[in-house]
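One structure below.
Dropping the structure here:
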């Protein structure tokens with residue numbers, strides 16, 4: 001699957017990070033990966049197909065799984081961002097300006113995450 005120090009981005013329902021019943025998923029992620037960034041996408045991102053609020057998690061696989069979760073304190077602080085303009089309206093239609101450019105802040109968020117994300121030294 002993912003090699004040690006390998007990088008992954010995955011779209012997840014936002015509830016994964018807060019629902020009590022999903023604690024085992026959070027523990028699995030923390031045991032095996034460093035959380036580098038989480039970007040909230042909002043409920044309109046995948047309309048008209050679903051209105052589930054989602055996020056993109058950016059992870060880097062650990063060299064070895066954690067034995068003790070207190071070691072998470074040694075990880076770099078993750079970046080958290082939230083889209084305010086996902087580029088779609090409540091019906092799932094793209095929001096565009098007069099020149100047909102999609103009005104979205106995703107490019108700015110992507111640039112910020114790329115500039116500030118901290119990978120381990122082995123991968124830089």
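Residue numbers (UniProt numbering): 1 to 124.
Glycine included, C-beta positions come from ideal geometry on N, C-alpha and C.
List the whole-angstrom C-beta distance separating residue 106 from residue 78, where the pair is believed to meet the contact cut-off of C-beta under 8 Å. Mapped onto the chain shown, residue 106 falls at position 106. Mapped onto the chain shown, residue 78 falls at position 78. Rounded, the Cβ-Cβ distance is 19 Å, inconsistent with contact.
Between the alpha carbons of residue 89 and residue 101, how many angstroms are there, rounded? Position 89 of the chain shown, counting from 1, holds the residue named residue 89. Position 101 of the chain shown, counting from 1, holds the residue named residue 101. For residue 89 and residue 101, the distance between alpha carbons rounds to 14 Å.
I'd like the span of the alpha helix (DSSP H) that includes residue 60, first residue to last. Here residue 60 refers to the residue found at position 60 when the chain shown is read from its first residue. No alpha helix (DSSP H) holds residue 60; the beta strand (DSSP E) holding it covers 54 to 61.
Hey, out of 3, 45, 116, 32, whose CA is closest to residue 14's CA? Here the question's residue 14 lines up with position 14 in the chain shown. Here the closest residue by C-alpha is 45.
Quick one: what does DSSP say residue 80 is sitting in, helix, strand or coil? On the chain shown, residue 80 is found 80 positions in, with the first residue counted as 1. Strand.
Residue nearest to residue 54 in terms of C-alpha spacing, selected from 97, 12, 112, 73: Walking along the chain shown from the start, residue 54 turns up at place 54. Comparing Cα-Cα distances from residue 54 to each of 97, 12, 112, 73, the minimum goes to 12.
Exposure label - residue 83; buried when at least 16 CB within 10 Å: Counting from 1 along the chain shown, the entry for residue 83 is found at position 83. Result: buried.
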